[in-house]
Amino acid sequence: MLIRAEALEVPRPRHGRVPVHLLVDSTGLRLCGPGEWLVEKHGTRRRRSRRKLHLATDADTGRIVAWVLTDREADDGSQAAPLLERVDGPVASFTADGTFDRDDVYVEAAARHPDADVIVPPRASVVPSGTAEGDPTRRGRHLRAIAERGRVSRQRVSGYNCCALVEAEIARRKRIIGDELCSQGNGRQAAEVAIAANALNRILDLGRAEYVRIA
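If you're matching positions, the sequence shown starts at 3 in our numbering and goes up one per residue.
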């Protein structure tokens with residue numbers, strides 16, 4: 003199985019024709035190394051390598067819509083384009099943390115999904131551009147809204163606080179699948195991640211818990 007995984011084609015997740023609200027985040031995955039018995043027997047202290055998994059989930063269903071596996075040094079913002087490229091269907095919004103506050107993220111979102119709203123909190127050091135008053139960009143409108151309402155209020159109104167849902171999805175992946183990659187080689191690791199994503203989506207298809215506030 004591990005040998006054949008290099009060329010294994012795993013179907014991409016599909017979410018239909020309804021525009022999806024994307025929640026994006028990343029997490030580190032360890033590469034399996036020497037077992038604990040090797041450490042005990044030989045005193046092996048080799049530092050384990052890591053890779054970074056970037057996930058885009060559906061805010062309404064919790065399903066994994068797209069994923070990208072990179073080296074651990076990869077910048078989160080640089081993966082906006084690969085994630086959007088993997089989304090099979092229209093996008094209503096793209097929500098992520100401040101590491102995605104980059105011009106190219108807005109450009110990629112506008113090019114692939116012109117109607118999608120980019121919900122990314124601008125960094126504290128960012129200042130409005132020269133066109134912010136006359137013809138503001140999406141980023142400029144975010145800055146103006148923060149100046150008028152405050153950062154916390156803007157995040158609540160824009161729906162940014164929904165990012166907690168993708169963090170919960172990452173925690174669910176680590177509880178069910180684990181935080182390690184057992185395969186060696188980029189192709190096999192990509193297949194392993196894809197299989198795990200499909201398995202997690204299948205679990206959600208079987209049913210989800212519904213929570214009701216009583217107080």
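Just so you know, even glycine gets a beta-carbon here, dropped at the ideal spot from N, CA and C. Because the structure is a prediction, the values reported are computed rather than measured.
R190 has its alpha-carbon roughly 29 Å from the corresponding atom of D99. DSSP places G209 outside both helix and strand once states are collapsed to three, so it counts as coil. By the Cβ test, the segment 178–196 is not in contact with the segment 74–90, since fewer than three Cβ pairs between them sit closer than 8 Å. Pairing R88 with R14, the inter-Cα distance amounts to about 8 Å. Relative to V195, the option among V93, T97, V70 whose CA is nearest is V70. In terms of Cβ geometry, A68 and L85 form a close pair [threshold 8 Å]. Out of G180, T29, I66, C165, the CA that lies nearest to the CA of R53 is found in T29. Just measuring C-alpha positions, the residue of C34, A113, T72, S95 sitting nearest T59 is S95.
Around the Cβ of Y108, a 10 Å sphere holds 16 or more other Cβ atoms; the residue is buried. Comparing alpha-carbon positions, the option among A113, D62, A82 lying closest to P21 turns out to be D62. When the alpha-carbon of R210 is set against those of I197, P92, R174, the nearest one is in R174. DSSP places T63 outside both helix and strand once states are collapsed to three, so it counts as coil.
Per DSSP, reduced to three states, the secondary structure at I121 is strand. For R175, the uninterrupted alpha helix (DSSP H) segment begins and ends at 165–178.
C165 is classed as buried because its beta carbon has at least 16 other beta carbons within 10 Å across all chains shown. With a cutoff of 8 Å on beta-carbon distance, T101 and L24 are scored as not near each other. Selection A118, D181, N163 evaluated against R32 yields D181 as nearest (Cα-Cα).
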